[in-house]
Each structure stands twice: as C-alpha cells, then as structure tokens.
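Worksheet: one structure, shown below.
In our numbering, the protein residues as written are 23 to 1073.
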C-alpha cells in the first residue's frame, strides 16, 4: 500500500469528522465509529467486519450523497485492511462526480484504491477526469492529476494528454509539479506523451526563475529517463551542472549525480569538470546519504578508472576511501557499514592498493553480528588478498570458524559430520544469530551455509593464480587439514546408511580434499608432506566415526587417491594399508570405493614388490596373510551394485588369487640356496601402476585436441579382432635382458658422490622434501588443533636446531651439532671463542657518518616450484583456477537475467521508452495511435475482402446455373440432420429492363419443392455473363453439391 494512498485515507478520516456535524441524522455509523467498533471486538473482528460490510452495501445505494460518501470512506478503510471493494466501482464514480469538494475527494480516493486497468466503469470516468482537469480551483484540479498515475491506460492517456499539457503553464507551482510527475507516468504506458511534453519540460528546466520544487520534479523525471537514453540529455549538461553547484537541495543533488554517472561514459570531458564540485561535496556535506551517493556516482560514472587525469582520480579515490572508512568506524549504523562495504567492493576493482590499506577495518566487519555485512566483507577480502596479508586474513577467518563451533573443541567429532543443534526452532536460531556483540565469551553459532561459503572463499584465495600468494605450503597443508575437520556435513539425498549415489554439490570437504591433492600433484617438494596429511585425515576419520556408520566426508576421496598414488612416500605403509582395509567396507559412495580399491592394490604393490628384501619365511608368511586379508575385504564387493566397483574388485581378486598361488609355490631362501621372490609379486603387479606420472591438465585442454581427418569412431578397429586377440594370447614375447626403454622409466639413477671441496653448509644433513617454514605465528593456536600445533612446533625445532641465530625456549643444554663439529675440525682445538675481544660501543657519542651504509635487504623466502596445468602446444590455454561464480561468462549471464527480470516500481513495463527518441520522427517501437489506426484499417480491409469474396462466389454460381441448369428448375434438398431454417431472398435490382419479384424458398425436412424456370432464361444467361451481377434466389450450402432454384422473372 503506497504512502500517498495511506495519507489520503488519513486525511479523509479527518475530513469525515467534519461530516458528523451535519450528517449524523442521515446515517448511524461514521468511520470513527467503525474503527472504535473494531477495537472493541477483539477476537471477533470477522463477524463485525462482515456486519459492517453489509451495512455499507446498503448505505452506498442511498440517494443521499453524504451517506454514500461516508459509506464509501468506510469501504476504503476496509479495503486497506484486505477486503475487496471492486463491486462498488460505479458508486465510486458517482461520488467522484459530486460537486462538493469533500465528497469528490472521497470518490477519487476510492478510485485510487479500487480502480484497475480492467475496471469497466473506467471508460465512463474519462469525461469526468477531463472536466476536473479544466476546473478553476487548484484543489479540484489536483484530484485528477494525483489519481491518473494509479488508473492510467493507453486509451485514457491519449484522451487526457491534451488536457494535462496546459497544466504545465499553470500559475500554481504545486499544479506544475504534480503535472510533471503524472506526465512521466503517462509516458510509461503511452510514450508519445514525451514527444508532446518534452519542449515544455525543457523550457521549465531552463527557466532560472522556476520554483525549486518544480525544478526538483523535472530533475527526477530527467533522471528516470536518462539511464534509458542518455544521448538525448547530453545538451542539458550545462544546466544540470549549474543546478548541481547552486541547487542547495540534497535530494536533487543525488539525482543529478546519478544522471551524470550515466552521461560521463558518453562525454569523457565531463570527468574533469565534475571533479572539483564532487570533491567539495564529499569534503563538506554532513549528510551521509548525499556522501554515499556522491561516492557511488563517482564509481559508476567511471571517474576512478578514467585515464584523462591520473593525479586527480587518485586524489579523489583516496578521499572516497577515507570517507568510507569513517562511515564504518565512526558510525555504528549497520546500514552505513553495508553501503560502505558495497562501495569498497566497487573501488577495489580500480584501486586495490588503497582498499588493502583498510584491512583492519574490513576484517572487523567479518566478525559483525549481521550476516549481510559479513558476506560483503568476505567479497571485499576476496578481491584484495595478496601474498603479504594472506596468512592474516585466512587466520582471521579460521579463528571465526573455530570459535563458533557448536561442539566443544576437545570433543571428538567426525570431520564433516553435522553439529548438534542448540536451538529448537528457526525463530530461536535467528535470535541467536542476530544477538548483539556484547557477549564476547560466547559467539553465536553460524549457519552451515555461511560456514561453507567462508571455507570456499578461503580455498579460492589460497589457490588463486596457481598458488601465487602462498609462501609457506606447510602452513597451507595444515590449514586444509583443519578445514576438513571444521567443515559441515555434506548434504545428501539418501540416508546415512547404505550406498549414497547422489551427493550434494556443496560438499566443501571434497573441495578441500581436492586442494590437498592439487598441492601434492603440482608442488613436488611438498608431496611427502601432503601424503602424510592424507594419512592423518584417514586415521582421524577412522577414530571419530562410530563403528557401523558410513563415512560422509568427501575428503576421503582425495586422501585415498594420494595414499595409493604416492605409496612410496608413506612413512608407515603397513599402517596405511590397514587403515584402507578398515575404511573400505564403510565407504558408502561408489566413486570413493572404486578409488580405495585401487589405492589398496597400489599400497600392497609397494609393500610386497621389493626385489632387494630377501625371500624369507617371515616375508612369505606376512605376504600370505596380507593377501588373505585383502581377499576377505574385496570378495563382498564382487557383488556390488555399482559396475565400476564390481569390475575393479573382481579384477584384483583374481590377480591376488594368482599371486597367492605363486607365493605358496615359491620356496623360501636359505643360507645354501638363494631364492628370489615370485616375479608376479615383484614385477607384474608393480608394473601395473608404474609408467608416466600423472600431472595436472588444464580444464580446456580437451577442446584443443584436433580430430583426425580419417577417424571414424563407429568403424571396427579390425575386421577379425577376435582372432587376433586369441593369437596374441598364444604367442609368448621373447625375453630381452637389456631393455633401454624399461631402464629409462623404471630404474632410478645411481647416487652421485659429493666432492670434498664443497662448502661446509652443503655437508649438513639433507632436509629432503622439507621446505623452510615460516616464523612462528602466535595466531595459529587460535584456529589450529592442538595436535597440528604440536607437530608444527616439533618440525620447527628439528629444522632450526643447527641455526646459530635461533635460541630455543627450553632449558635443556644444547649438544654438539654438525655445525660445531665443522668449526672445530676447521680451526683446531685451540679455538677459544671467549678470548675474542668485544668492542665497547658508546652510543651517546656516536656521530652519523657521511655516507650511511646500505641496509642489507632481508633475504626473500625461497619460493617452491608450482607446476602449471598441462595443455596442448599452440593453444591459448585452459581456463584458470577462477571462481566459477565470478567468471565473466556466468557474471554476464546473471547480470542479463537480473536486467531482464527488473521491473518498475509502478509494475509497468517501461522498456518501450528506451527505443523512444524525444526529437525527430515518431519511433517505430511503440505508437498507440498508429496501432489503433492500423486496427481500424485492418477491420475495414477484412470487410471489403469478405464482400468481394461473396460477390465472386455468387457470380461463379450464376455461371454454373447458366451452363448446367434445367429449364424446369432444380430440386433443392435439405439434409435430415440439419435444423429448419428460413431463407428470405430479396430482389432489389432490375437487369436490362426486366424486373422480378422475390420468392421465399423454405426448405423443410422430408419435403421437396420445385421452382419453375424463369421466362427470361436468355436474360439470366446474359446476367451470368456479367460477373458483377448477383444471383437471385440461390441457396448456397457448405460441403454439399450446389442446388439452384431459378425464380420466375417478373415484369
């Protein structure tokens, strides 16, 4: 319900109080009595309202106009409550025609409330509206002007336009202002209104002596039209600029700034002209609304991204950022924080370095109790992340996720399992979420959707540009492990028990596991650390998931793949294989089960495929028991409903059965007789998983694969493929002692010796795949679990034990290390470190030297090599690791969809105005008058075509009668199923001096009627020759052979 209608209703209620003084005799209940009765009938309002509606129906039919107006006023009130009053539209029209102003006001208010475009009596109101538009008093004239925007139709706009245009020159500014707004509403349904009204609107805008309220109304109309066709309003830029400087009206300044934001892309010279006044407004205005709209107009107008004046744009960008920071810090209003973050999200596209300086303020908004503010802050953080602030931003987000978990931190909970709710209803959950920030000791629980969103943004920020912002991959692997533990449960369509065939796309655990797998594939130096993390994740899942429950975490898919693919890097392969065998029966998803089967085979091949380990009885017994256990786990999967799982299980079952036979038949080695392990165990099974290394492939690489010219996928590979396969099974390949290809891909190169002349630092222990970690972060304890922190601390102590600049915090005495041994062996036993003289530094008398020595730059952190995605040579490259939600194609489609769905607040399709030109010839997009003329012409043309068709048809019938009709006439037969019809034939013309009287032919059922031939048959034949004559007495029947009855020629 609009504010204007409510104001009319309230004013009408006050006016009704004046009616009580002289009309109390005519009716019993006024509007105030109705309102009081509603208040007194609490709990029984429906019966009272029905009784009141019955009374209003009787009163509105009264001949007394006062009683009718008061009843209509009560109906208007009840309609605002929700009861229909469209049935009283004719009575509304009667009250509108009253000569008394207070009654006419009630009628127009009823029209605003009840009239629609399909109201039948709206056609009768046209003359009344035209009459009141020409009234002498401004109060009466204002009623139709204010009513027209609510009931306007194209035909009504065409009828009232000529009466509304002269009101733009009225002496009262209030009439001119209302007429301008009403003309815009008319233009939405009838665009030709603008062509007639624009010259007068332009004259009023250029008039410096015009009333400020009228000028503000014109600016509002121009602003609404400007974003549709900004080219038509470029000539008005000088006058609009003058109003922006000298207007003095904040709301008009907001509209002007929005209008200039649409004009600056068309005229870049406006940027330099607008910078001084906009800077002045930003620096001086105390109104927050004008300040934000000014900043928003600068951003949308492209002023910040303009290349005309770099110094000026940087200055105003800095000013905008500082003002937005003040809106967040100085004001506690959540709305101001939200709009400031919206502006920050737009500025970060052109000036990311300025926005990144406000990191402290933006990170404070992440902890806001308002979820909408948090989301906008996350969007902003996502765009301003760099290598320097990545750790702090991710740590802040991780701390928020860890502190708002519903379960205690020390309690065992399945990673990815749903937390237990702490509230019973949605209202309690909403109350908990929107709780104030004064409770620092207990943070409200976050919704799962928000937690999933935060984890997804962390993964995007860290993996952006192929991990360009990550300097410490050890920290990133620990973060991924912690995210998998804190992630909510994946939402599935099936139950927790049984195989789950359909999983939710929002399984954030699987995305985190995929990131861990990508690090292992792309960063070779961190491969062993990633495999160790995958082993920890698998062990955590086994310990936290209750017995008999299926695994629900999607991270198990990547963890099992890494354990199988890099089985040689496992610290304890036996424990890892044991964990896989325990987890396989409890995996519900078929895709993860298929990967786990392969991982078990790979780990078994790495354990049992060693050629250097002697074939002892202990090894034989261990491998036999291991094969028996694997077969015991895989045999139930041979009947799995999923074909992929079933196929892999059957393949490995048969292979392991052959291996078990080979192991049992191979005797063990003794001191006298050396025996090698079975070749099936040491060569055949390991060779299944050896070969090319799996690397990351670009997403768009498959599209660049060229299709061979002569390839036909439907054609068989060979005509007699079965015979060839049978022959290949019978053939045995000769054994080659030396195979260069096999040696190149499967044999490791021999270790190289280290020269004794190398520096001492190279003789230290090789750290292997361990990377140099970052300095200790105190904030890690707030978002990482205790076991991860303890492991990181132990690894850090191990790496830094030989660092002379690292002082441990424990009280244990330091033992001799390799660096001390090197110093002692190089300098001899006479080296006395305590005898080295120490220089006394007098800081008070220290004088600055003429040329200060250059400060040594800190040694940059050694970056690890991250492999890029593989692609075909010559191609443009695949799609990068970008956010799918913010990709250009998806964003453009979403924007086009939103633009298509955007509607006017007046619920009117205003798209036709965009193709309407204010000057020149009428537009071809929409013309109501032309459409009406075309419809009338089309109806006339259809009538003319129908007339000519009938004439030609009758002429053709006359020709047929002249050539084939009998002199005595032809019998006309009537179908039995047809109804009785009476065909009256009239003769109205005499041809060639002969006249005839018309006879009536009445065909009836089961009767035959003959008609004699006319005496002037020759005349008939002559008339038949004339195609323009009409056949008299001819009865034409559809879908039946034509029968003709000739009439007697008279005269």
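Here a beta-carbon is modelled for each residue, glycine too, at the ideal position from N, C-alpha and C.
Check whether residue 266 and residue 299 have beta carbons under 8 angstroms apart: Closer than 8 angstroms, so yes.
Per-residue DSSP class, three states only, for residue 416: helix
DSSP bridge partner residues for residue 690 (one or two, in chain order): DSSP, once it has assigned bridges, lists no residue as partnering residue 690.
Buried versus exposed, by CB contacts within 10 Å (16 or more), residue 497: buried
Same chain, Cβ closer than 6 angstroms to residue 370, five either side skipped, listed in chain order: Excluding positions up to five away in sequence, the list reads 377, 405 and 406.
At least 3 beta-carbon pairs within less than 8 angstroms: the region 61 to 69 vs the region 77 to 95: no
Contact belief for residue 110 with residue 82 at Cβ below 8 angstroms, rounded distance in angstroms: Sure, about 6 angstroms apart at Cβ, within 8 angstroms.
Exposure of residue 123, with buried meaning 16 or more beta-carbon neighbours within 10 Å: exposed
Spatially closest choice to residue 118 from 425, 388, 153 and 282, by CA coordinates: 153
Cβ-based burial, residue 74 [other Cβ within 10 Å; buried from 16]: So residue 74 counts as buried.
Neighbourhood of residue 183 by C-beta, 7 angstroms cutoff - its chain only, sequence neighbours within 5 removed: 208, 215 and 218
Residue burial classification, residue 681 (beta-carbon count within 10 angstroms, cutoff 16): By the neighbour-count rule (16 or more Cβ atoms within 10 Å), residue 681 is buried.
Rounded Cβ spacing between residue 703 and residue 690 (contact assumed at less than 8 angstroms): Contact check for residue 703 and residue 690: beta-carbon distance about 13 angstroms, past the 8 angstroms limit, so the pair fails to qualify.
Beta-ladder partner(s) of residue 676, from DSSP: According to DSSP, which records beta bridges pairwise, residue 676 is partnered with nothing at all.
Proximity to residue 701 [Cα-Cα], best of 695, 709 and 694: 709
DSSP three-state assignment for residue 325, whether helix, strand or coil: coil
Presumed contact (8 angstroms Cβ cut-off) between residue 341 and residue 286, rounded CB distance: Their Cβ separation, rounded to whole angstroms, is 18 angstroms, which puts residue 341 and residue 286 out of contact at 8 angstroms.
Cβ neighbour criterion (16 or more within 10 Å) applied to residue 317: Under this definition residue 317 is a buried residue.
Candidates 92, 71, 645 and 116, of which the one nearest residue 103 by Cα: 71
Exposure of residue 583, with buried meaning 16 or more beta-carbon neighbours within 10 Å: By the C-beta density criterion, residue 583 is buried, having at least 16 other C-beta atoms within 10 angstroms.
8 angstroms Cβ cutoff, residue 734 in contact with chain C: Looking at the structure shown, chain C is missing, and only one protein chain is on hand.
Sheet register partners of residue 573 (DSSP bridge): 609
Residue 967 - DSSP class collapsed to helix/strand/coil: helix
Sequence-distant residues of the same chain with beta carbon closer than 8 angstroms to residue 186, five excluded per side: 155, 167, 170, 201, 204, 205 and 208
Rounded separation between residue 244 and residue 467 - CA only: Rounded to whole angstroms, residue 244 to residue 467 spans 48 angstroms at the Cα level.
Supposed contact pair residue 585 and residue 542 - C-beta distance, whole angstroms, cut 8 angstroms: Their Cβ separation, rounded to whole angstroms, is 10 angstroms, which puts residue 542 and residue 585 out of contact at 8 angstroms.
Pair within 8 angstroms by beta-carbon distance, residue 538 and residue 502: yes
Alpha helix (DSSP H) segment containing residue 555, residue limits: 549 to 566
Residues sharing a beta bridge with residue 407, DSSP: Beta-bridge pairing links residue 407 to no other residue.
With 16 other Cβ atoms within 10 Å as the buried cut-off, status of residue 637: buried
Separation of residue 620 from residue 719, as counted between CA atoms: 21 angstroms
Proximity of residue 609 and residue 578 at Cβ, strictly below 8 angstroms: yes
Collapsed DSSP secondary structure at residue 16 in the structure displayed: Coverage of the chain is limited to positions 23 through 1073, which leaves residue 16 absent and any answer about it impossible.
Boundaries of the alpha helix (DSSP H) in which residue 540 is found, first to last residue: 530 to 544
Per-residue burial, residue 319 [other beta carbons within 10 Å of its own, 16 or more giving buried]: buried
CA nearest to the CA of residue 890, picked from 983, 721 and 972: Answer by Cα proximity: 721.
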